[in-house]
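Q: Have a look at the structure that comes next, please.
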Amino acid sequence: MTRRSPSGPEAGRTDAVRLGARAVVVLGLVSLIGVAAFCWPLLAAHGSAVAAHSADAPWLFAALLPLLVAVVIATIADNGMDPKAVAMLGMLAAAGAALRPLGAGTAGIEPMFFLMVLSGRVLGPGFGFALGSLTMFASALLTGGVGPWLPFQMLAMGWVTMGAGLLPRPGMRGRRELLMLAAYGAVAAVAYGTVMNLQGWPYIAGLASNVSYSPHLSLGANLARFTAYCLTTSLGWDLPRAALTAVLSFTLGPTLLKALRRATRRASFAPAPEFTPPEPEPAATPRG
Numbered sequence: 369m370t371r372r373s374p375s376g377p378e379a380g381r382t383d384a385v386r387l388g389a390r391a392v393v394v395l396g397l398v399s400l401i402g403v404a405a406f407c408w409p410l411l412a413a414h415g416s417a418v419a420a421h422s423a424d425a426p427w428l429f430a431a432l433l434p435l436l437v438a439v440v441i442a443t444i445a446d447n448g449m450d451p452k453a454v455a456m457l458g459m460l461a462a463a464g465a466a467l468r469p470l471g472a473g474t475a476g477i478e479p480m481f482f483l484m485v486l487s488g489r490v491l492g493p494g495f496g497f498a499l500g501s502l503t504m505f506a507s508a509l510l511t512g513g514v515g516p517w518l519p520f521q522m523l524a525m526g527w528v529t530m531g532a533g534l535l536p537r538p539g540m541r542g543r544r545e546l547l548m549l550a551a552y553g554a555v556a557a558v559a560y561g562t563v564m565n566l567q568g569w570p571y572i573a574g575l576a577s578n579v580s581y582s583p584h585l586s587l588g589a590n591l592a593r594f595t596a597y598c599l600t601t602s603l604g605w606d607l608p609r610a611a612l613t614a615v616l617s618f619t620l621g622p623t624l625l626k627a628l629r630r631a632t633r634r635a636s637f638a639p640a641p642e643f644t645p646p647e648p649e650p651a652a653t654p655r656g
């Protein structure tokens, strides 16, 4: 019997968990909820009274947890993986949670970001999203960082890890892959800080400041204030986080990617090989 290798769109993507139709639907639903949760102050009607996120965060958290479970279940159902895959997801989430207190966000030193980027690259977008969200949840329990910001952190980190799983794969190995992951990690680290700024920005509404949110201003005016808010409050943390993520992804990437890919193969992440029987040899024709 001969082993048939993958062909078509899945060729070159066998090192990641395939994103099936059910997982796409659930991830789309989670992302829509997340976009609405982050952006509703900007999208609210002009002149409306907009409250801070502390009131709606518990409801978002209550909706997010079952959806995270649904992402994992849908990914397993689409790929037929065994419990070892789920165990690996928990192990990586624990490792990421243990890395986060090492920097505790000081000057943007957060080494967990590079682990999330590399893990998302190997695990794929579905398991990557669940990993990023669960890691933030576990790290909050570990450091006592539970608060109204937690569901937003879970969503933002889930998007970061999912994005790494959506990066191009065919022909991207070696130095080219490391450069791509380092560049993505730097951009994702800044984007994470920007998105989290959008979550905390409404808290300062009403302050006598030209960077605070005002429900009575137009969308353009609030966007200008938000840009100034990001430049003056978080850029000094976002840029060091981006630099550290890029450096760690490029230097430690080869070893970690190799280990993760070996572990995913042993955990039955990859689709089962298909074997086809050999074609029968043609019968010899008698000579006259």
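Counting from 369, one number per residue, gives the positions in the sequence shown under my numbering. Even glycine gets a Cβ: it sits at the ideal position worked out from N, Cα and C. No experiment lies behind these values; they were computed from the predicted model shown.
In chain order, which alpha helix (DSSP H) runs of at least 4 residues are fully inside the region 494-534?
A: Within the region 494-534, the complete alpha helix (DSSP H) runs of at least 4 residues are 518-533.
Q: On the CB-based measure, 16 or more other CB atoms within 10 Å of its CB, does G553 come out buried or exposed?
A: With 16 or more Cβ atoms within 10 Å of its Cβ, G553 is classed as buried.
Q: Could you tell me the distance, in whole angstroms, from the CA atom of G464 to the CA atom of A391?
A: If you take the alpha carbons of G464 and A391, they lie about 23 Å apart.
Q: Taking A550 and S617 to be in contact with their CB atoms under 8 Å, please state how far apart those CB atoms are, rounded to whole angstroms.
A: That pair is a contact at about 4 Å.
Q: May I ask you to report which of helix, strand or coil DSSP gives I477?
A: Coil.
Q: Looking at the structure shown, is S399 part of a helix, part of a strand, or coil, going by DSSP?
A: Three-state DSSP puts S399 in a helix.
Q: Give me, in chain order, the residues of the same chain whose beta-carbon lies closer than 6 Å to that of D606; leave out the 5 immediate sequence neighbours on both sides.
A: So the list reads V558 and G561, once near-sequence residues are dropped.
Q: Do you know offhand how far R541's Cα is from N578's?
A: About 47 Å.
Q: Determine the contact status of L432 and A461, defining contact as a CB-CB distance below 7 Å.
A: The answer is no: Cβ separation not under 7 Å.
Q: Which value, in whole angstroms, describes the spacing of the CA atoms of V490 and R629?
A: In a straight line, the C-alpha of V490 is about 6 Å away from that of R629.
Q: If we ignore side chains and look at the alpha-carbon of each, how far apart do G458 and F495 end up?
A: Roughly 11 Å separates the two Cα atoms.
Q: Could you tell me whether the Cβ atoms of R468 and M480 are closer together than 7 Å?
A: Yes, they are a contact pair.
Q: What's the C-alpha gap between V437 and V615?
A: V437 and V615: Cα-Cα distance of roughly 33 Å.
Q: Thinking C-alpha only, which one of M522, S501, P451 and P570 is nearest W408?
A: The shortest C-alpha separation from W408 is found at P570.
Q: Would you identify the three-state DSSP class for A420, choosing helix, strand or coil?
A: Confidence is the limiting factor: at A420 the pLDDT is only 47, short of 50, which leaves the residue's position unreliable, though a coordinate-based value still follows. Coil at A420, not helix or strand.
Q: Report the residue from L566, T600, F482 and L585 whose alpha carbon sits nearest the alpha carbon of G621.
A: Checking every option, the nearest Cα to that of G621 belongs to F482.
Q: If you reduce the DSSP assignment to three classes, tell me which class N578 lands in.
A: Coil, per DSSP.
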